[in-house]
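Counting in the UniProt record's numbering, the sequence shown runs from 1 upward without gaps.
Ideal Cβ positions, reconstructed from N, Cα and C, are used throughout, including at glycine.
Report on the following structure.
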Amino acid sequence: MRRCVELALLGKGEVAPNPMVGAVVVHAGKIIGEGYHRQYGGPHAEVHAIAAVKDKELLKESTIYVSLEPCAHYGKTPPCSDLIIASGIPHVVVGSVDPFAKVAGKGIEKMLKAGIKVEVGVLNEACLELNRRFFTFHQQKRPFIFLKWAQTLDGFLDIDRSHPEFGQPTWISNELSRRMVHKQRTEVDSILIGTNTAWKDNPSLTVREWVGRQPVRLVLDRKNHLPADLHLKDHSVRTVVFTQEAAVSSEKLEYVQIDFRKNIVPQILGWLYEQNLQSVVVEGGRQLLQAFIDQEMWDEAHVYIGHTWFGSGVPAPKLNALPTKHELLHDTQLQVFIR
Ligand code: AOF
Ligand code: ZN
1 MRRCVELALL
11 GKGEVAPNPM
21 VGAVVVHAGK
31 IIGEGYHRQY
41 GGPHAEVHAI
51 AAVKDKELLK
61 ESTIYVSLEP
71 CAHYGKTPPC
81 SDLIIASGIP
91 HVVVGSVDPF
101 AKVAGKGIEK
111 MLKAGIKVEV
121 GVLNEACLEL
131 NRRFFTFHQQ
141 KRPFIFLKWA
151 QTLDGFLDID
161 RSHPEFGQPT
171 WISNELSRRM
181 VHKQRTEVDS
191 ILIGTNTAWK
201 DNPSLTVREW
211 VGRQPVRLVL
221 DRKNHLPADL
231 HLKDHSVRTV
241 VFTQEAAVSS
251 EKLEYVQIDF
261 RKNIVPQILG
271 WLYEQNLQSV
281 VVEGGRQLLQ
291 AFIDQEMWDE
301 AHVYIGHTWF
311 GSGVPAPKLN
321 ALPTKHELLH
331 DTQLQVFIR
């Protein structure tokens, strides 16, 4: 099963919104075939693992280990549980049960009915950890939420930029941490900022310093007054603007109506769930980050602490938690909080 987890991770960045899955076929204590889910829409791990077995006769005396319950549904591919049954494999070991409603125990049931010996929950923790976003999404019916910000050594997000002299954003973290942020962007489905951040920083929110997928950009604009020449509105990447009143969407720039008089957090999360966007990074500003924190709607926070000292300004959000991990990126410290 440990090997299944290792194999599954080879699909990182390629399979979302599907989970990463690895599978291994063992005969008389030896691995005779292994595989993993390589690409979204492509064959599942079990298909590759079984195909890799040269002598198919051996399958009748083999055990297949899979990090996630073999599926029971016709999706982009036929059910893996049927494939296992047809292959004659008599013994299946499953890491974690699939939370996806179309599978959720049905794969295991099918195999049991066919007379296969099925064991469930081997290295369960590691298998859940492997696909935390996928599990959060299906179990809690909302995306996995990352919070991300950079703060100074003395705990400020920004200087006070209401003064015209201080109009430009001040860089807190360094180049290495910027690359980390871009790498992380390739691994998430969407990225959210508030109106003030869009106005003041005019960020692109695209991936430039790494290679990979571009997340959907999300911005709040209650009154729909953000200028058309913002980087965010350059039509290069799918972008969604949440507004109070309905507005006409174009191909890459969509308007989604929410009610700003009510709590916006569940409305945004509900829309993301409907869109099958399984993860979101909330990148600021302070008010928006604090709203997610206050409502205990976050799963992981990435806080970059620079070496600069502002003395005054916009205070960083307050997390009621201790960091789980530290990493030093030259002169910037990354603190990771996991709820
Ligand atoms: C497996 N083995 O390797 C994976 C599974 O659209 P499809 O056909 O690719 O189905 C996607 C769903 O199948 C996904 O939501 C999850 O429930 C399951 N993924 N199942 O047996 C695999 N990747
Ligand atoms: Zn499958």
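Pick helix, strand or coil for Pro43, following the three-state DSSP scheme.
-> In the three-state DSSP reduction, Pro43 falls in the coil class, being neither helix nor strand.
What separation, rounded to the nearest whole angstrom, lies between the Cα atoms of Tyr255 and Leu192?
-> Straight across, the Cα-Cα distance linking Tyr255 with Leu192 is about 14 Å.
Gln333 bridges to which residues according to DSSP?
-> DSSP lists Ile305, Leu328 as partners of Gln333.
If Val93 and Cys71 are in contact, beta carbons under 8 Å, what's the gap, nearest whole angstrom?
-> The C-beta distance from Val93 to Cys71 rounds to 16 Å, too long to meet the 8 Å contact threshold.
Return yes when at least one heavy atom of ligand 2 lies under 8 Å from the C-beta of Pro70, else no.
-> Indeed, a heavy atom of ligand 2 lies less than 8 Å from the Cβ.
Span separating the alpha-carbon of Leu329 from that of Lys117 = The C-alpha of Leu329 lies about 49 Å from the C-alpha of Lys117.
Are three or more beta carbon pairs between the stretch 319-339 and the stretch 173-183 nearer than 8 Å?
-> At 8 Å Cβ cutoff, the stretches touch.
Starting from Phe144, follow the beta strand (DSSP E) in both directions and report where the run begins and ends.
-> It spans 144-151 - the beta strand (DSSP E) in which Phe144 sits, taken as one unbroken run.
Is the CB-CB distance between Tyr120 and Ser62 below 9 Å?
-> In the sequence on display, residue 120 carries Val and not Tyr. No.
Give the C-beta separation of Val24 and Arg38 to the nearest angstrom, bearing in mind that I take them to be a contact with Cβ-Cβ under 8 Å.
-> Not confirmed; about 15 Å, so no contact.
Chain-order list of residues whose beta-carbon lies under 6 Å from that of Ser87 (same chain, five-residue window excluded) = Once the five neighbours on either side are set aside, the close Cβ partners of Ser87 are Ile50, Leu59.
Outcome for Val66 when other beta-carbon atoms lying within 10 angstroms are tallied against a minimum of 16 = Buried is the label assigned to Val66, since at least 16 other Cβ atoms lie within 10 Å of its Cβ.
Tell whether a beta-carbon distance below 9 Å holds between Arg303 and Phe337.
-> Checking the sequence shown, residue 303 turns out to be Val, not Arg. With contacts defined as CB atoms closer than 9 Å, Val303 and Phe337 qualify as a contacting pair.
Euclidean distance between Cα positions of Ile293 and Thr197 = Ile293 and Thr197 have their C-alpha atoms roughly 18 Å apart.
What are the start and end residues of the beta strand (DSSP E) that includes Lys30?
-> Per DSSP, Lys30 belongs to the beta strand (DSSP E) from 30-36.
Identity of the residue in Lys76, Gly33, Glu69, Val47 nearest residue 362 by Cα | Coverage of the chain is limited to positions 1 through 339, which leaves residue 362 absent and any answer about it impossible.
How many angstroms separate the CA atom of Arg339 from the CA atom of Pro19?
-> Spanning the two alpha carbons is a distance of roughly 21 Å.
Can you give the beta carbon distance from Gly22 to Tyr40, rounded, assuming they're within the 8 Å contact cut?
-> So it is not a contact: roughly 16 Å between Cβ atoms.
How would you write the range of the beta strand (DSSP E) that His91 sits in, first residue to last?
-> His91 -> beta strand (DSSP E) spans 91-96.
What residue ranges within the stretch 188-218 form continuous beta strand (DSSP E) runs of no fewer than 3 residues, ordered along the chain?
-> Entirely contained in the stretch 188-218, the beta strand (DSSP E) runs reaching 3 residues are, in chain order, 190-193.
Cβ neighbour criterion (16 or more within 10 Å) applied to Lys113 | That one is exposed.
Would you kindly check if the distance between the Cβ of Phe146 and the Cβ of Val240 is under 9 Å?
-> In this structure, Val240 sits away from Phe146, with a CB-CB distance that is not shorter than 9 Å.
Ignoring anything shorter than 4 residues or poking outside the stretch 261-291, list the alpha helix (DSSP H) runs there in chain order.
-> The stretch 261-291 contains, as complete alpha helix (DSSP H) runs of 4+ residues, the segments 264-274 (chain order).
Consult DSSP for Leu322 and reduce its assignment to one of helix, strand or coil.
-> Under the three-state reduction of DSSP output, Leu322 falls in the coil class, being neither helix nor strand.
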